[in-house]
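Position 90 of the sequence shown, counting from 1, maps to 92 under my numbering, and the rest follow consecutively. Below: one structure, written as structure tokens.
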Amino acid sequence: HQMKNIARMFMEGTSYAVRNILDYFRVAGTTPKSARLTGGIANSKTWTQIMCDIINVNIDIPGAVDVATLGSAITAGVGIGMFNSYDEALKYQQLKARYFVNTENTEIYNTMFSIFKNVFNNVLFSYDYARYALNKDLK
């Protein structure tokens, strides 16, 4: 395999792990309409589109560079009554980019996700079994 194939494997694997977590929310009745992505992943158009297609949710990339500081400022603004809610404060945030789900890709990723889930569950079972057999917990 070429380096680009290995890089894509990591992008897809990370995105499948995020989908795995989101599926727990979906089962609980909470289905996201969109997501915001920040950090290094958000700087990659390819990775962001992969994430979008695998989690099957449109993704917004905020225009703010330092979102941790922005989050603190918004929380403070809501706390002192500058904004009535977080939703109101977020209305003022500009978007750098918006990615939309490519349904053709999502269909393929749905099939691949079932394989990911099967492998994930088998590895998890093996890991738990090994810890039980060794009778040791990680610290």
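Note that beta-carbon positions come from the ideal geometry of N, C-alpha and C, so glycine has one too.
Would you identify the three-state DSSP class for residue i, choosing helix, strand or coil?
{"i": "S46", "result": "coil"}
{"i": "N60", "result": "strand"}
{"i": "A66", "result": "coil"}
{"i": "S74", "result": "helix"}
Rounded to whole angstroms, how far is the Cβ of residue i from the Cβ of residue j, which I believe are closer than 8 Å?
{"i": "I57", "j": "R100", "result": "So it is not a contact: roughly 15 Å between Cβ atoms."}
Among residues of its own chain, excluding the 5 on either side of residue i, which ones have a beta-carbon nearer than 7 Å to its beta-carbon?
{"i": "E96", "result": "Reading off the sequence, residue 96 comes out as Gln, not Glu. Answer for Q96: G65, listed in chain order."}
With a threshold of 16 other CB atoms inside 10 Å of the CB of residue i, please say whether the residue is buried or exposed.
{"i": "A132", "result": "exposed"}
{"i": "T32", "result": "exposed"}
{"i": "S17", "result": "buried"}
{"i": "A30", "result": "exposed"}
{"i": "A44", "result": "buried"}
{"i": "Y111", "result": "buried"}
{"i": "I52", "result": "buried"}
Checking the sheet assignment: what are the DSSP bridge partners for residue i?
{"i": "S36", "result": "N60"}
{"i": "Y101", "result": "I61"}
Under 8 Å Cβ to Cβ from residue i, same chain only, skipping five residues before and after it: list those, please.
{"i": "R38", "result": "I61, D62, I63, P64"}
{"i": "F85", "result": "I76, G79, A91"}
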